[in-house]
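Structure first, commentary second.
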């Protein structure tokens, strides 16, 4: 594999996992004592995405000296993306790694943002973005 492609792939995996952990962890850090974040993903256990989440979980525990931990539910064990969003709304999950399609099914504004990237013409992207 070309060196820059491997570096880009490693960067994307690490950034995605760290970003997800950071986004969901920020509101909890102030009251982090003994807190365990519950994060779900459709990524299969043992996949590169799952390994990136596991590394992030280890780093988070180390940096907070055990005050904040992260439990990863991989392989869709918490259901599909719609179920994960519902579980976050009910407080059963603290976060989830979702695709734009999964987010779009739950929140139409997210779908509008990703739709702009799918269109090659300005006219179609404007129509897709809505009012």
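In this note's numbering, the protein residues as written are 2 to 132.
Glycine is no exception: its CB is placed at the ideal position from the N, C-alpha and C atoms.
Small disclaimer: the values here were computed from a predicted structure and weren't measured.
Residue pairing of residue 98 in beta bridges, as defined by DSSP: 42. Taking 8 Å as the upper bound for CB-CB distance, residue 80 and residue 89 are not in contact here, some 11 Å apart.
Beta-bridge partners of residue 36 (DSSP): 69. Nearest Cα to residue 48 within the set 83, 61 and 77: 77.
Within the same chain, Cβ atoms closer than 6 Å to the Cβ of residue 103 are found at 82, the five residues on either side in sequence being excluded. Straight-line spacing of the CA atoms in residue 93 and residue 56 works out to 23 Å.
Each residue's CA atom was taken as its position, placing residue 53 and residue 65 some 18 Å apart. Membership of residue 47 in any alpha helix (DSSP H) is not indicated, and neither H nor E is assigned to it by DSSP. Counting the other CB atoms within 10 Å of its CB gives residue 91 a total below 16, which places it among the exposed residues. Separation of residue 72 and residue 36 (C-alpha to C-alpha, rounded to the nearest whole angstrom) is 10 Å. Classified as exposed, residue 59 has fewer than 16 neighbouring CB atoms from the shown chains inside 10 Å of its CB.
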